[in-house]
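Trainee: Encoded as structure tokens, here's the structure I'll be asking about.
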Amino acid sequence: MQFCELVAAVRSTPLDVTIPADWGQGRASFGGLVVALQYEAMRAHVSVDRALRSLAVSFVGPVAADVPIRFEVEVLREGKAVSQVMGRAVQNGQVVTLVQGSFGASRESAARIDALPAPEMKPPEQCPLLPYIKGVTPEFMRHLSMGWAVGALPFSGRGTREMGGWVRFAGEVKDEPLTETHLLALVDTWPPALLPLLNKPTAGSTLTWTIEFVQPLPPASTLEWCKYLAVIEHARDGYGHVAANLWAPGGELIAISRQTVAVFG
Numbered sequence: 089m090q091f092c093e094l095v096a097a098v099r100s101t102p103l104d105v106t107i108p109a110d111w112g113q114g115r116a117s118f119g120g121l122v123v124a125l126q127y128e129a130m131r132a133h134v135s136v137d138r139a140l141r142s143l144a145v146s147f148v149g150p151v152a153a154d155v156p157i158r159f160e161v162e163v164l165r166e167g168k169a170v171s172q173v174m175g176r177a178v179q180n181g182q183v184v185t186l187v188q189g190s191f192g193a194s195r196e197s198a199a200r201i202d203a204l205p206a207p208e209m210k211p212p213e214q215c216p217l218l219p220y221i222k223g224v225t226p227e228f229m230r231h232l233s234m235g236w237a238v239g240a241l242p243f244s245g246r247g248t249r250e251m252g253g254w255v256r257f258a259g260e261v262k263d264e265p266l267t268e269t270h271l272l273a274l275v276d277t278w279p280p281a282l283l284p285l286l287n288k289p290t291a292g293s294t295l296t297w298t299i300e301f302v303q304p305l306p307p308a309s310t311l312e313w314c315k316y317l318a319v320i321e322h323a324r325d326g327y328g329h330v331a332a333n334l335w336a337p338g339g340e341l342i343a344i345s346r347q348t349v350a351v352f353g
């Protein structure tokens with residue numbers, strides 16, 4: 089199933105969605121997709137004039153492929169301008185992902201500072217692409233593409249504090265406006281920035297993920313490349329703290345991400 093088909097499925101039947109194995113990430117389903125689908129279920133419970141401002145995600149357990157998932161939603165509070173919403177992805181009676189979202193309407197304010205410009209990188213056509221290789225790269229990589237521009241490849245042992253490049257959807261992609269749903273998948277496509285520091289394949293997973301959106305989103309297409317850069321702020325004792333930004337094809341900052349990552353080696 090393509091990304092747009094899974095989004096359509098959660099919009100029609102959020103309490104009975106199955107993610108196929110070709111969206112796998114090791115023994116679990118691709119986390120960015122799970123969060124994107126949970127967000128879609130949450131979005132349906134909030135007024136359209138309240139834009140998504142942030143999501144706080146806890147990956148409680150692996151989401152199995154080909155097993156039905158319930159994307160449950162609870163509106164915690166509706167204020168004058170902000171809605172607080174909780175989402176729970178439930179599989180086999182167990183919560184596997186928790187997502188708390190903050191949605192806020194725009195309002196007049198004297199506080200205004202533009203985002204810092206995107207860093208300079210080689211254009212995507214000059215960057216090596218990380219291909220989908222069955223049995224080597226995660227299964228979900230058949231649906232997404234990365235152009236490496238900054239830092240070393242995972243498990244090369246040559247990693248630095250920074251890692252990044254370009255990211256977009258791949259394969260049979262529906263040309264449609266780029267939304268927060270798509271951005272959740274694009275940001276999480278990139279592997280944990282700690283992996284290039286390791287010199288052999290080692291398991292790693294995201295424990296918590298916070299992502300904020302710079303609203304309003306600029307017009308962009310799902311066929312275009314976005315720019316991504318992650319910076320390791322600290323790593324020790326099997327855990328790392330990583331900050332990352334995503335910029336639209338036109339260079340505008342659109343998402344700000346933070347992750348706590350566990351590595352087992």
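Per this note's numbering, the sequence shown starts with residue 89, numbered consecutively. A virtual CB, placed ideally from N, CA and C, is assigned to each residue, including glycine.
Note down the Cα distance separating K262 from D325, rounded to an integer number of angstroms.
Mentor: If you take the alpha carbons of K262 and D325, they lie about 42 Å apart.
Trainee: Report back the beta-carbon spacing between W335 and K315 to the nearest angstrom; my notes put them in contact at under 8 Å.
Mentor: 4 Å
Trainee: Count the other CB atoms, across all protein chains shown, that sit within 10 Å of the CB of H322; report buried if there are 16 or more and exposed otherwise.
Mentor: exposed
Trainee: Considering only the beta carbon of each residue, do L286 and G223 sit closer than 8 Å?
Mentor: no
Trainee: According to DSSP, S166 sits in a beta bridge with which residue or residues?
Mentor: Looking at the sequence shown, residue 166 is not Ser but Glu. Per DSSP, S171.
Trainee: Considering only the alpha carbon of each residue, which of A139, T106, Q172 lies closest to F159?
Mentor: T106
Trainee: For the region 333 to 349 against the region 208 to 220, do three or more pairs of beta-carbon atoms, one drawn from each stretch, fall closer than 8 Å, so that the two count as touching?
Mentor: no
Trainee: Given V148, which residues of its chain have a CB within under 7 Å of its CB, disregarding the five upstream and five downstream residues?
Mentor: Scanning its chain for C-beta atoms nearer than 7 Å, with the 5 sequence neighbours on each side dropped, one finds around V148 the residues V183, V184, T185, L186, in chain order.
Trainee: So which of D202, N180, Q90, W236 has the shortest CA-CA distance to Q303?
Mentor: D202
Trainee: Using a Cβ-Cβ cutoff of less than 6 Å, which residues in the same chain neighbour P242 once the five nearest sequence positions on both sides are dropped?
Mentor: P279, L283, P284
Trainee: Return the chain-ordered list of same chain residues with a C-beta closer than 7 Å to the C-beta of D154, the five sequence neighbours on each side being excluded.
Mentor: Taking D154 as the centre and dropping the five residues before and after it, the same chain places the C-beta of T106, P108, A109 closer than 7 Å to its C-beta, in chain order.
Trainee: Just checking my contact of F301 with L140 at CB under 8 Å: how many whole Å lie between their CB atoms?
Mentor: The Cβ separation is near 5 Å, so the contact holds.
Trainee: Mapping DSSP to helix, strand and coil, what is L295?
Mentor: strand
Trainee: Give the single residue among P216, G239, H133 whose Cα lies nearest to the Cα of S233.
Mentor: S233 has its Cα closest to that of P216, out of P216, G239, H133.
Trainee: To the nearest angstrom, report how far apart S194 and R246 are at their CA atoms.
Mentor: Spanning the two alpha carbons is a distance of roughly 44 Å.
Trainee: Measure the Cβ-Cβ separation of L143 and I344 and say whether it is below 8 Å.
Mentor: no
Trainee: Could you check if V98 is buried or exposed, using at least 16 other CB atoms within 10 Å of its CB as the buried criterion?
Mentor: V98 is buried by the Cβ-count criterion.
Trainee: Could you check how far apart the C-beta atoms of S190 and V163 are, in whole angstroms? I think they sit under 8 Å.
Mentor: Not really, about 12 Å apart at Cβ, beyond 8 Å.
Trainee: Apart from the five residues on each side of it in sequence, which residues of its chain come closer than 7 Å, Cβ to Cβ, to M89?
Mentor: P108
Trainee: So, is S100 buried or exposed, given that buried needs 16 or more other C-beta atoms within 10 angstroms?
Mentor: exposed
Trainee: Write down the C-beta distance between V161 and V145 rounded to the nearest angstrom, noting that I regard them as a contact closer than 8 Å.
Mentor: Rounded, the Cβ-Cβ distance is 15 Å, inconsistent with contact.
Trainee: Hey, could you find the ends of the beta strand (DSSP E) M234 is sitting in?
Mentor: 232 to 238
Trainee: Pick from P102, S135, N180: whose alpha carbon is nearest that of A124?
Mentor: P102
Trainee: Kindly indicate which residue of R230, D104, V136, Q347 has the alpha-carbon position closest to the one of F91.
Mentor: R230
Trainee: Please classify H329: does DSSP put it in a helix, a strand, or coil?
Mentor: strand
Trainee: Looking only at its chain, what residues have a beta carbon closer than 7 Å to the beta carbon of T277, apart from the 5 residues adjacent to it on each side?
Mentor: G120, L232, M234, V255
Trainee: Rounded C-beta distance between P219 and G114? I'm assuming under 8 Å.
Mentor: Contact flag wrong, Cβ pair sits at about 18 Å.
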